[in-house]
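Visitor: Next up is a structure, given as structure tokens.
Protein chains: 4
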Amino acid sequence: MQRRLVEFAAAREWEPYHTPKNLAAALSVEASELLEIFQWLTPEQSARVMEDPESAHRVRDEVADVLAYLLQFCDVLGVDALSALAEKIDRNELRFPRSAPGA
Amino acid sequence: MQRRLVEFAAAREWEPYHTPKNLAAALSVEASELLEIFQWLTPEQSARVMEDPESAHRVRDEVADVLAYLLQFCDVLGVDALSALAEKIDRNELRFPRSAPGA
Amino acid sequence: MQRRLVEFAAAREWEPYHTPKNLAAALSVEASELLEIFQWLTPEQSARVMEDPESAHRVRDEVADVLAYLLQFCDVLGVDALSALAEKIDRNELRFPRSAPGA
Amino acid sequence: MQRRLVEFAAAREWEPYHTPKNLAAALSVEASELLEIFQWLTPEQSARVMEDPESAHRVRDEVADVLAYLLQFCDVLGVDALSALAEKIDRNELRFPRSAPGA
Chain A
1 MQRRLVEFAA
11 AREWEPYHTP
21 KNLAAALSVE
31 ASELLEIFQW
41 LTPEQSARVM
51 EDPESAHRVR
61 DEVADVLAYL
71 LQFCDVLGVD
81 ALSALAEKID
91 RNELRFPRSA
101 PGA
Chain B
1 MQRRLVEFAA
11 AREWEPYHTP
21 KNLAAALSVE
31 ASELLEIFQW
41 LTPEQSARVM
51 EDPESAHRVR
61 DEVADVLAYL
71 LQFCDVLGVD
81 ALSALAEKID
91 RNELRFPRSA
101 PGA
Chain C
1 MQRRLVEFAA
11 AREWEPYHTP
21 KNLAAALSVE
31 ASELLEIFQW
41 LTPEQSARVM
51 EDPESAHRVR
61 DEVADVLAYL
71 LQFCDVLGVD
81 ALSALAEKID
91 RNELRFPRSA
101 PGA
Chain D
1 MQRRLVEFAA
11 AREWEPYHTP
21 KNLAAALSVE
31 ASELLEIFQW
41 LTPEQSARVM
51 EDPESAHRVR
61 DEVADVLAYL
71 LQFCDVLGVD
81 ALSALAEKID
91 RNELRFPRSA
101 PGA
């Protein structure tokens, strides 16, 4: 998937724009567009957002944009997102111990 | 990885906080923390951010947070992020044709 | 201006949506829409953004949205933004001393 | 206030960093830090955030940062934020008519 995105950008000569800074800005903008869908909803309404086909489409579309820019950002900087996450979970399992059963 | 995150949150009884709205807000906050690393850098400095071990660690850490909240958001709403992205690339290949060679 | 915004929202019965949390989310979304205008621009292009009438209009429009949500957020929580800023500048003048002349 | 901020940045030789693009990024980052305070709160908890002195301080501090970057952004681009907002309210009063009394 990451390769397909890189080829997509290269074929369109978008690479000069794809500095890490610009991709981080674009990622942040897309994450805000995802948040925009939820900004006036109650917690309960937000849990039912996929029941409306138009909202469901918007959610999937913004998720795709966030993931696309995250992968492109990781590609230009040589970051392996999955291994970064695995390391972080390892660290957090030490920082935040499980709740005691029944607590 | 998605399963590991879900188990991590469940074991800590964080699920009541993990409404789609809250996870979208958290995702957006983490994407901004990634952007913060780059906000005063020139494009050239931003391309060399992984050369400094401390910045490199921060970048990997924020990438992990963004991916973690994206996966948790997708989990609570039943969204398959990779298939959403594959569909989006299909649509965009129609919308933005390749640059003509030599253009 | 703050009063005019409050009356505007009240007359449209938008107040139930205007929790501090929702207004903070909306403020963040609007700030990202302002950033979106600049995300692919070089620093030099970003400095000339007001020369194009359409971009200039977008910038003014997003600035208005950011200020509107900031004022409404401050109104619901009883925060005086100008005095908060004055206090912060006082603190920062101690934290970041001036550059020595000629440095 | 805007003049005081400009003098503050000038005295510290921060002006080269204060491109419109960087200031828009910083504004967006600060707005996200304000949102971060609220991200796991229920709507009801968010309405009581000023009752806790530490949260109240954080809110005032982030409001100050958002306003500071908004004013500095407006300064470098010559935008009058208050007149931009006044024009926007004029337009919105036409777009969103008041609710009919009793509706």
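Sequence lines, in order, name chains A, B, C and D. According to full-length UniProt numbering, the first sequence is numbered sequentially starting from 1. According to full-length UniProt numbering, the second sequence is numbered sequentially starting from 1. According to full-length UniProt numbering, the third sequence is numbered sequentially starting from 1. According to full-length UniProt numbering, the fourth sequence is numbered sequentially starting from 1. Yeah, the Cβ is synthetic: ideal placement off N, Cα and C, and Gly gets one too. No experiment lies behind these values; they were computed from the predicted model shown.
Count the other CB atoms within 10 Å of the CB of D:GLU44; is the residue buried (16 or more) or exposed (fewer)?
Guide: Residue mapping note: residue 44 of chain D aligns to position 44 of the fourth sequence, counting from 1. It is exposed - the Cβ of D:GLU44 has fewer than 16 other Cβ atoms within 10 Å.
Visitor: Compare the C-alpha of D:ARG60 against each of C:LEU41, C:LEU85 and C:ALA68 and name the closest.
Guide: Residue numbering aside, residue 60 of chain D sits at position 60 when the fourth sequence is read from its first letter. Minimum Cα distance to D:ARG60 is reached at C:LEU85.
Visitor: Distance check for B:CYS74 and B:ASP80, CA to CA, integer angstroms please.
Guide: Counting from 1 along the second sequence, the entry for residue 80 of chain B is found at position 80. Counting from 1 along the second sequence, the entry for residue 74 of chain B is found at position 74. Between B:ASP80 and B:CYS74, the C-alpha separation is close to 7 Å.
Visitor: Distance check for B:ARG4 and D:PHE96, CA to CA, integer angstroms please.
Guide: Within the fourth sequence, the letter at position 96 stands for residue 96 of chain D. Within the second sequence, the letter at position 4 stands for residue 4 of chain B. Cα to Cα, D:PHE96 sits roughly 47 Å from B:ARG4.
Visitor: Taking 8 Å as the limit between beta carbons, can you name the residues of its chain near A:GLU33, skipping five residues before and five after?
Guide: Taking the first sequence and counting its residues from 1, one reaches residue 33 of chain A at position 33. Excluding sequence neighbours, A:GLU33 sits near GLU62 and ASP65.
Visitor: Is there a Cβ from chain A that is less than 8 Å from the Cβ of C:LEU71?
Guide: Counting from 1 along the third sequence, the entry for residue 71 of chain C is found at position 71. Not an interface residue.
Visitor: Compile a chain-ordered list of the residues in the segment 30-49 of chain C whose CB is closer than 7 Å to at least one CB of chain A.
Guide: Flagged, chain order: SER32, LEU35, GLU36, GLN39 and TRP40.
Visitor: How would you write the range of the alpha helix (DSSP H) that A:TYR69 sits in, first residue to last?
Guide: Taking the first residue of the first sequence as position 1, residue 69 of chain A is located at position 69. Element bounds for A:TYR69: 53-77.
Visitor: Using the beta-carbon of each residue, which ones in chain C are nearer than 9 Å to B:ALA25?
Guide: Position 25 of the second sequence, counted from the first residue, corresponds to residue 25 of chain B. By Cβ distance, chain C contributes LYS21, ALA24, ALA25 and SER28.
Visitor: Which residues, in chain order, does the segment 84-101 of chain D contribute to contact with chain C at a C-beta distance below 8 Å?
Guide: Those residues of the segment 84-101 of chain D that come within reach of chain C (Cβ to Cβ, closer than 8 Å) are ALA84, LEU85, ALA86, GLU87, LYS88, ILE89, ASN92, GLU93, PHE96, ARG98 and SER99.
Visitor: Quick one: measure Cβ to Cβ for C:PRO20 and D:SER46, integer angstroms, because I've assumed they're closer than 8 Å.
Guide: To locate residue 20 of chain C, count along the third sequence from 1; it is residue 20. To locate residue 46 of chain D, count along the fourth sequence from 1; it is residue 46. With 8 Å as the limit, C:PRO20 and D:SER46 qualify as a contact, their Cβ atoms being about 5 Å apart.
Visitor: With D:PHE38 as the anchor, note down where its alpha helix (DSSP H) starts and where it stops.
Guide: As a working mapping, residue 38 of chain D is identified with position 38 in the fourth sequence. Element bounds for D:PHE38: 20-38.
Visitor: Provide the residue span of the alpha helix (DSSP H) that contains B:PHE8, from first to last.
Guide: Locating residue 8 of chain B in the second sequence gives position 8, where the first residue counts as 1. That run of the alpha helix (DSSP H) goes 2-11.
Visitor: Just checking: is the beta-carbon of A:ARG12 within a distance shorter than 8 Å of some beta-carbon in chain B?
Guide: Reading the first sequence from its first residue, position 12 is the one you call residue 12 of chain A. True, the Cβ-Cβ gap to chain B drops below 8 Å.
Visitor: Given B:TYR69, which residues of its chain have a CB within under 7 Å of its CB, disregarding the five upstream and five downstream residues?
Guide: Indexing the second sequence from 1 puts residue 69 of chain B at position 69. Cβ neighbours of B:TYR69 beyond the five flanking positions: LEU23, ALA26, LEU27 and GLU30.
Visitor: Could you name the residues of the same chain whose beta carbon sits closer than 6 Å to that of D:MET50, not counting the 5 residues immediately before and after it, in chain order?
Guide: Residue mapping note: residue 50 of chain D aligns to position 50 of the fourth sequence, counting from 1. Here the set comprises ALA56.
Visitor: Let me know if D:LEU94 comes out buried or exposed under the rule of 16 or more other beta-carbons within 10 Å of its beta-carbon.
Guide: Here the question's residue 94 of chain D lines up with position 94 in the fourth sequence. Its Cβ having fewer than 16 others within 10 Å, D:LEU94 is exposed.
Visitor: Which class does A:ALA103 belong to by DSSP, given the choice of helix, strand or coil?
Guide: Indexing the first sequence from 1 puts residue 103 of chain A at position 103. Note on A:ALA103: pLDDT 40, under 50, position unreliable in the model; no value is reported.
Visitor: What's the call for B:LEU82, buried or exposed, on a 16-neighbour Cβ count within 10 Å?
Guide: To locate residue 82 of chain B, count along the second sequence from 1; it is residue 82. B:LEU82 comes out exposed.
Visitor: Measure the Cβ-Cβ separation of B:ARG12 and A:ARG98 and say whether it is below 8 Å.
Guide: Within the second sequence, residue 12 of chain B is the residue found at index 12, counting from 1. Within the first sequence, residue 98 of chain A is the residue found at index 98, counting from 1. Contact: yes.
Visitor: I believe A:PHE38 touches B:ILE89 by the beta-carbon criterion, under 8 Å. Please report the beta-carbon distance rounded to the nearest angstrom.
Guide: Within the first sequence, residue 38 of chain A is the residue found at index 38, counting from 1. Within the second sequence, residue 89 of chain B is the residue found at index 89, counting from 1. Actually they do not touch by this definition, with Cβ atoms about 25 Å apart.
Visitor: Between C:GLU15 and D:TRP14, what straight-line distance do the alpha-carbon atoms span, to the nearest angstrom?
Guide: Mapped onto the third sequence, residue 15 of chain C falls at position 15. Mapped onto the fourth sequence, residue 14 of chain D falls at position 14. C-alpha separation (whole angstroms): 40 Å.
Visitor: Check the Cβ-Cβ distances between B:ARG3 and every residue of chain A, and say whether any is below 8 Å.
Guide: Mapped onto the second sequence, residue 3 of chain B falls at position 3. So, not an interface residue.
Visitor: For B:GLU36, is the classification buried or exposed, using 16 other Cβ atoms within 10 angstroms of its Cβ as the cut-off for buried?
Guide: Counted from its first residue, the second sequence places residue 36 of chain B at position 36. Its Cβ being crowded by 16 or more others within 10 Å, B:GLU36 is buried.
Visitor: Tell me whether A:ASP80 sits in a helix, a strand or coil according to DSSP, three-state version.
Guide: Here residue 80 of chain A refers to the residue found at position 80 of the first sequence. DSSP places A:ASP80 in coil when its eight states are reduced to three.
Visitor: Skipping 5 residues on each side, what residues in its chain have a beta carbon closer than 6 Å to that of D:MET1?
Guide: Residue numbering aside, residue 1 of chain D sits at position 1 when the fourth sequence is read from its first letter. The answer is none, since no qualifying residue turns up.
Visitor: Look up A:PRO97 in the DSSP assignment and say whether it is helix, strand or coil.
Guide: For the purposes of this step, residue 97 of chain A is taken as residue 97 along the first sequence, with counting starting at 1. Reduced to three states, the DSSP call for A:PRO97 is coil.
Visitor: Looking at the structure shown, is D:LEU41 part of a helix, part of a strand, or coil, going by DSSP?
Guide: The count along the fourth sequence starts at 1 and reaches residue 41 of chain D at position 41. In the structure shown, D:LEU41 sits in coil (DSSP, three-state: anything other than H, G, I, E or B).
Visitor: Is there at least one Cβ from chain D nearer than 8 Å to C:LYS9's Cβ?
Guide: As a working mapping, residue 9 of chain C is identified with position 9 in the third sequence. It should be pointed out that residue 9 of chain C corresponds to Ala in this sequence rather than to Lys. For C:ALA9, the answer is no, since every Cβ of chain D falls outside 8 Å of its Cβ.
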